[in-house]
Each structure stands twice: as structure tokens, then as C-alpha cells.
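Reviewing the structure listed below.
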Amino acid sequence: NKNCDLKICDFGLARPVNPDVEAKDMGLTEYVVTRWYRAPELLVENQDYTTAIDVWAVGCIFAEMIGRRALFPGRDYLHQLRLIIDVLGTPSEEDLASIANAQAVQFLRTLPIKPKRPWSEIFPSASEQCLDLLARMLVFNPAKRCSMQDALTCDYMAPLHQQRPLPEQESSFSFDFEKPNVSQEALRELIHAEMRNFHPNSGSEDPK
Numbered sequence: 002n003k004n005c006d007l008k009i010c011d012f013g014l015a016r017p018v019n020p021d022v023e024a025k026d027m028g029l030t031e032y033v034v035t036r037w038y039r040a041p042e043l044l045v046e047n048q049d050y051t052t053a054i055d056v057w058a059v060g061c062i063f064a065e066m067i068g069r070r071a072l073f074p075g076r077d078y079l080h081q082l083r084l085i086i087d088v089l090g091t092p093s094e095e096d097l098a099s100i101a102n103a104q105a106v107q108f109l110r111t112l113p114i115k116p117k118r119p120w121s122e123i124f125p126s127a128s129e130q131c132l133d134l135l136a137r138m139l140v141f142n143p144a145k146r147c148s149m150q151d152a153l154t155c156d157y158m159a160p161l162h163q164q165r166p167l168p169e170q171e172s173s174f175s176f177d178f179e180k181p182n183v184s185q186e187a188l189r190e191l192i193h194a195e196m197r198n199f200h201p202n203s204g205s206e207d208p209k
């Protein structure tokens with residue numbers, strides 16, 4: 002807002018970071034993230050994705066802030082892949098080998114060979130440090146993408162990043178509120194309790 006207050010919301014498909022739990026046991030789905038900011042591994046339906054998808058999304062937002070328009074405004078997931086390859090170039094054999102979906106690999110092989118476009122050509126007014134960060138975040142292969150820690154400590158972010166200890170996590174966030182098969186009565190009670198948080202004087206009538 003005008004006071005530069007930032008609130009993060011919409012955690013409907015958020016997942017906890019738990020290195021002890023395998024991706025297959027976390028209920029991951031490839032249909033996450035708004036299409037324009039969706040990483041390639043999601044577009045090719047890899048279900049064992051990592052936090053690298055968030056690095057990609059931030060990279061897309063960063064590019065949008067630089068260019069004042071969306072970098073990959075795809076109409077559908079196939080068009081989205083084409084737009085990404087138009088900029089990043091045709092994936093290498095090593096990158097294709099990281100894709101588990103054979104049909105996706107077959108589709109990518111049918112696309113015309115594209116060279117990688119220089120970021121300086123796309124954003125000619127951006128600084129070298131800015132483009133270096135962008136190039137490290139927007140990488141087709143998630144294993145080659147930089148981490149958020151790397152991004153925060155890069156040269157471009159150096160004037161803004163403060164080297165100080167971050168607060169320790171006291172406990173793991175609980176997603177128990179998303180328990181499936183909640184009864185209709187329990188849902189009514191939850192909604193009524195939420196309403197009372199905003200209107201404490203509304204009374205405590207039975208929501209039934």
C-alpha cells in the first residue's frame with residue numbers, strides 16, 4: 002500500500018518445508034502458481050518439484066518490475082512453454098533428461114531450435130548486476146537455478162541485504178486446519194468463530 006506495508010496472503014496451495022518428508026507424501030500437485038509465473042517443471046507436470054519453483058516465480062516478477070510488463074504472458078501451458086523457450090533457448094539434453102514426463106520431452110523435441118536471447122537485449126536499460134541476478138533465477142533446469150539465499154546475497158542486492166541473524170523458527174507451521182472431510186456442522190462453527198474475530202460484539206448465538 003502507500004505506506005509500503007506488504008502482506009503475504011493466499012496460502013491455499015502452500016506446502017511446509019520439511020526435508021524429512023518426501024515430495025510424494027506431501028500431496029503435491031503440479032497445478033500450482035498463476036500460469037505466467039509457473040516454472041517449467043510445473044508446466045511439464047513434474048510432481049517432485051522443490052522451492053526452486055518459488056525462485057522462478059520471483060524471477061518472473063522481478064523481470065516484470067524491470068520491463069513494466071509480464072515476461073511470459075502465456076495463453077495456455079503450451080504457449081507458456083513456447084514463450085519461455087523463445088527467451089531461454091531450447092533446453093539441453095541434460096535439461097530434458099531431468100523431465101520425468103516422456104510426453105512433455107517428446108513435445109519439447111518437436112519445437113523449433115531456439116537460441117538463448119541475451120538479457121541485455123530484452124532489458125537494455127538494466128544494470129549488469131541486475132541482469133546477472135535475473136539470469137540466475139530464470140533457468141529452465143531447477144537444479145541449476147540459484148537459491149533464495151544466493152539471490153539475497155548477490156551483488157545486486159548487497160546494498161539492501163543486512164547481514165544479521167534471522168529469527169529462529171520456534172515451531173513448524175501446522176496445516177491441520179486443512180484437514181479433509183470436515184463435517185458441515187464443524188464448518189459452520191469455524192465460520193462463526195471467524196466472524197466473531199471481526200465482530201466480537203455480535204453475540205455467541207449457536208451458528209446452527
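Position one of the sequence shown corresponds to residue 2 (our numbering), numbered consecutively onward.
Ideal Cβ placement from N, Cα and C applies to all residues, glycine included.
Let me make sure I understand the geometry here. Which of the options has the alpha-carbon closest to that of residue i?
{"i": "Arg83", "options": "Pro113, Leu135, Asp96, Arg137", "result": "Pro113"}
{"i": "Ser121", "options": "Glu65, Tyr50, Ala136", "result": "Ala136"}
{"i": "Met158", "options": "Asn142, Ala144, Ser128, Ser173", "result": "Ser128"}
{"i": "Thr88", "options": "Asp151, Arg118, Asn4, Lys145", "result": "The sequence shown places Val at residue 88, rather than the Thr named in the question. Nearest of Asp151, Arg118, Asn4, Lys145 to Val88, Cα basis: Arg118."}
{"i": "Gln130", "options": "Glu42, Met149, Pro160, Gln104", "result": "Pro160"}
{"i": "Arg146", "options": "Cys5, Val56, Pro41", "result": "Val56"}
{"i": "Gln163", "options": "Ser172, Glu169, Leu153", "result": "Leu153"}
{"i": "Ser93", "options": "Met149, Asp6, Phe141, Leu188", "result": "Phe141"}
{"i": "Cys155", "options": "Leu134, Cys5, Glu195, Arg165", "result": "Leu134"}
So, helix, strand or coil for residue i, using DSSP?
{"i": "Gly68", "result": "helix"}
{"i": "Ala159", "result": "coil"}
{"i": "Glu23", "result": "Its pLDDT being 48, under 50, Glu23 is placed unreliably by the model, and the measurement read from it follows with that caveat. Three-state DSSP puts Glu23 in coil, outside helix and strand."}
{"i": "Leu135", "result": "helix"}
{"i": "Pro201", "result": "helix"}
{"i": "Arg146", "result": "coil"}
{"i": "Arg189", "result": "helix"}
{"i": "Thr51", "result": "coil"}
{"i": "Val106", "result": "helix"}
{"i": "Cys5", "result": "coil"}
{"i": "Pro125", "result": "coil"}
{"i": "Leu112", "result": "coil"}
{"i": "Pro41", "result": "helix"}
{"i": "Gly90", "result": "coil"}
{"i": "His195", "result": "The displayed chain sequence assigns Glu, not His, to residue 195. It is helical."}
With 16 as the cutoff for other CB atoms within 10 Å, does residue i come out buried or exposed?
{"i": "Asp77", "result": "exposed"}
{"i": "Asn47", "result": "buried"}
{"i": "Val183", "result": "exposed"}
{"i": "Leu79", "result": "exposed"}
{"i": "Ala58", "result": "buried"}
{"i": "Leu7", "result": "exposed"}
{"i": "Asp177", "result": "exposed"}
Quick one: does residue i have its CB under 9 Å from some CB of chain C?
{"i": "Gly60", "result": "Within the model displayed, chain C is absent; a lone protein chain is all it includes."}
Excluding the 5 residues preceding and the 5 following residue i in the sequence, name in chain order all residues of the same chain whose CB lies nearer than 7 Å to its CB.
{"i": "Gln81", "result": "Arg36, Arg39, Leu44, Phe73, Gly75"}
Leaving out the 5 sequence neighbours to the left and right, which residues in its chain are closer than 8 Å to residue i when beta-carbon positions are compared?
{"i": "Cys61", "result": "Trp37, Tyr38, Ala71, Leu72, Phe73, Leu139"}
{"i": "Gly68", "result": "Ile123, Phe124"}
{"i": "Asp26", "result": "Legend: pLDDT at Asp26 = 49, less than 50; position of this residue unreliable, no value from coordinates given."}
{"i": "Met149", "result": "Thr52, Asp55, Val56, Val59"}
Ignore the nearest five residues each way along the sequence and tell me which others in residue i's own chain have a CB closer than 6 Å to its CB.
{"i": "Thr91", "result": "Ile114, Lys115"}
{"i": "Ala101", "result": "Asn47"}
{"i": "Ala105", "result": "Val45"}
{"i": "Glu42", "result": "Tyr50, Pro143"}
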